[in-house]
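When you read off a place in the sequence shown, starting at 1, and then add 21, the result is the number in our numbering.
Note that beta-carbon positions come from the ideal geometry of N, C-alpha and C, so glycine has one too.
Below: one structure, written as structure tokens.
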Amino acid sequence: MDCKFASNPLDQLFVTQKFGERPEFYRKYGMAGHNGVDFRTKFPDTPLGRREIYAVDDGIVSKVVIAKLGGYGTYVQITHCDGSMTIYGHQYNPHVVVGQAVKAGQIIGISDNTGDSTGPHLHFGYRRANANMNNGYKGYVDPMPYFKN
Ligand SMILES: [Zn+2]
Numbered sequence: 022m023d024c025k026f027a028s029n030p031l032d033q034l035f036v037t038q039k040f041g042e043r044p045e046f047y048r049k050y051g052m053a054g055h056n057g058v059d060f061r062t063k064f065p066d067t068p069l070g071r072r073e074i075y076a077v078d079d080g081i082v083s084k085v086v087i088a089k090l091g092g093y094g095t096y097v098q099i100t101h102c103d104g105s106m107t108i109y110g111h112q113y114n115p116h117v118v119v120g121q122a123v124k125a126g127q128i129i130g131i132s133d134n135t136g137d138s139t140g141p142h143l144h145f146g147y148r149r150a151n152a153n154m155n156n157g158y159k160g161y162v163d164p165m166p167y168f169k170n
């Protein structure tokens, strides 16, 4: 996955918080700012913000955490074939288990407002293979250039 993601993580990408924003808030996590991108999940057809989340590329589910409070809350991490990984935070209900192979565009869960979150949204994080873990964002980079549109 060294160019674009094969799929988007939601059927519409409406950014509510960009990468690197709010450094004062993310200091408690030891980061220079927001280490991903937040997308709106509350739309007229999903008034509770519970929207289908899709794997952005083929991979293996490497982590599933169920948590109401703190950080990403309930989240799924996928490791892709090139060693990069993606994270899908603040979920309601993951639809995958650790070790499961997923395809680009496959539903991996439903979004919500779990964890350190003030409203329903999807937090999407992207860490490339051999990432610089000291880049101020724990290796994460801005995923926006990797979306198809
Ligand atoms: Zn976020």
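Return helix, strand or coil for residue i, following the three-state DSSP convention.
i	result
Arg48	helix
Tyr158	coil
Pro115	strand
Which residues in the same chain as residue i place their Cβ atom closer than 8 Å to its Cβ, once the five residues preceding and following it in sequence are excluded?
i	result
Leu31	Phe60, Thr62, Arg72, Glu73, Ile74, Tyr75, Ser132 and Leu143
His111	Tyr93, Gly94, Thr95, Tyr96, Ser132, Asp133, Asn134, Thr135, Gly136, Ser138, Pro141, His142, Leu143 and His144
Starting from the C-beta of residue i, find all residues in its chain whose C-beta is less than 6 Å away, skip the five residues before and the five after it, and write them out in chain order.
i	result
Thr107	Val77, Ile99 and Tyr147
Ser28	Tyr75, Val77, Ala125 and Gly126
Lys84	Gln98
Which same chain residues end up closer than 7 Å to residue i when comparing Cβ atoms and leaving out the 5 residues on each side of it in sequence?
i	result
Tyr109	Pro30, Ile74, Tyr96, Val97, Ile129, Gly130, Leu143 and Phe145
Ala88	Gly94, Thr95, Thr135 and Gly136
Lys159	Met52 and Asn56
I believe residue i touches residue j by the beta-carbon criterion, under 8 Å. Please report the beta-carbon distance rounded to the nearest angstrom.
i	j	result
Gly80	His101	4 Å
Pro44	Gly54	4 Å
Val82	Val123	6 Å
Complete alpha helix (DSSP H) runs within the region 40-106 (minimum length 4 residues, chain order): 44-47
Cβ contact check for the region 47-58 and the region 152-167: 3 or more pairs under 8 Å: The region 47-58 and the region 152-167 touch, with no fewer than 3 CB-CB distances between them shorter than 8 Å.
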